[in-house]
Structure formats: C-alpha cells, structure tokens
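K.L.:
FYI, the numbering for the sequence shown is 2 to 139, going by our numbering.
Quick one: the structure is below, and I'll ask about it shortly.
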Amino acid sequence: MAHTRQLPALTLEAAKVIVAAAEAYAAGKGWPMAIAVVDAAGGLILFHCLDDTQPASQDVSVAKARTAARFKRPTKALEDMIAGGRTAFLSVAGACCLEGGLPIEAAGRIIGAIGVSGMASSQDGEVAKAGLAAFAPQ
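Right under this line is the structure:
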C-alpha cells in the first residue's frame, strides 16, 4: 500500500536483553542505577531500578532514553553542544542533555533508546553502552 510502510520495532524481549546487560554491568561495578528502554517515540517499554538508586534517577533515566530516541542521537552529543556554548538549546522542552542516553538502531532506523542514571554522567554512559552492546537486531 502506498499509504503505509513497514518499520522495524523494538520488542519487549530485546528490551529485556538490553536491560539485563546494563544491569549486570552496573551491578559488577557496584553502581546503583535506574535503566529505561523506550520505543522510537519515547514510550516506555521497560524500566529497572537497582537497589539503593537515588529516587531522582528514575525520572532522569526515562528522560535520557526519551531524548535519545526523539532526537535520534546520544544525549552526550547534546551535553557537548551546550558545553560548547550553544546554551539556547536548554530552552528545548523535554530534552535531557546529560550523558547516559543512547539511541537503538536497526535497519538504518532509530527504533528506541536506552537511558541510564544513578552515577556520574560518564558512568551512566558506560552502563548504557554495555546494555546497547547486547542488542543484536535480527
């Protein structure tokens, strides 16, 4: 049909694999983390919060994931842009410009994202990368 298209989508099973890998990495480091996986539109698919994670990190992890999915880039790129002087970007509603959000790609399209929060932003980024490394699009 000319009015529809077939797009890859992130499954719950894939989200479970991603979160399990991120959680294992964080636990191995002793880092309390909140981990969120969203679909391409930013809708929450899966959320895990390790014991002793600060409560604020729950919302921040989801915000990082949504930002990475909706802006189709790592949240670190936005953080770097602001650090480089483009402070006007801070006025964009709903954007979380801290490292720890990574888009998830399949078939050349962003199909979702992972967001991690709980430690320093660079450590959040490490955990997000560990989770993303477990994703193998089919």
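We put the beta carbon where it would ideally sit given N, CA and C, even for glycine.
Because the structure is a prediction, the values reported are computed rather than measured.
1. Tell me which residues share the same chain as R74 and place their Cβ nearer than 7 Å to its Cβ, disregarding the 5 neighbours each side in the sequence.
2. Do V39 and the ligand SAM come close, with the Cβ less than 6 Å from some heavy atom?
3. Between the beta-carbon of G101 and the beta-carbon of K65, is there less than 7 Å?
4. Quick one: what's G116 bridged to in DSSP?
5. Give every residue of the same chain whose Cβ lies closer than 8 Å to the Cβ of A108, excluding the five residues on either side of it in the sequence, and list them in chain order.
6. Taking all protein chains shown into account, do 16 or more other C-beta atoms lie within 10 angstroms of the C-beta of V93, making it buried, or fewer, making it exposed?
P.N.:
Taking the definition as stated:
1. Numbered from its first residue, the sequence shown carries residue 74 at position 73. Cβ neighbours of R74 beyond the five flanking positions: P104.
2. As for the ligand SAM, it is missing from this structure, which has no ligand bound.
3. Against the sequence shown, residue 101 aligns to sequence position 100. Against the sequence shown, residue 65 aligns to sequence position 64. Going by C-beta atoms, G101 is nearer than 7 Å to K65.
4. Along the sequence shown, read from residue 1 onward, the residue named residue 116 stands at position 115. In the DSSP output, where bridge partners are listed per residue, G116 has A37, G102.
5. Locating residue 108 in the sequence shown gives position 107, where the first residue counts as 1. Hits under 8 Å: P9, P138.
6. The residue labelled residue 93 in the question sits at position 92 within the sequence shown. Classification for V93: exposed.
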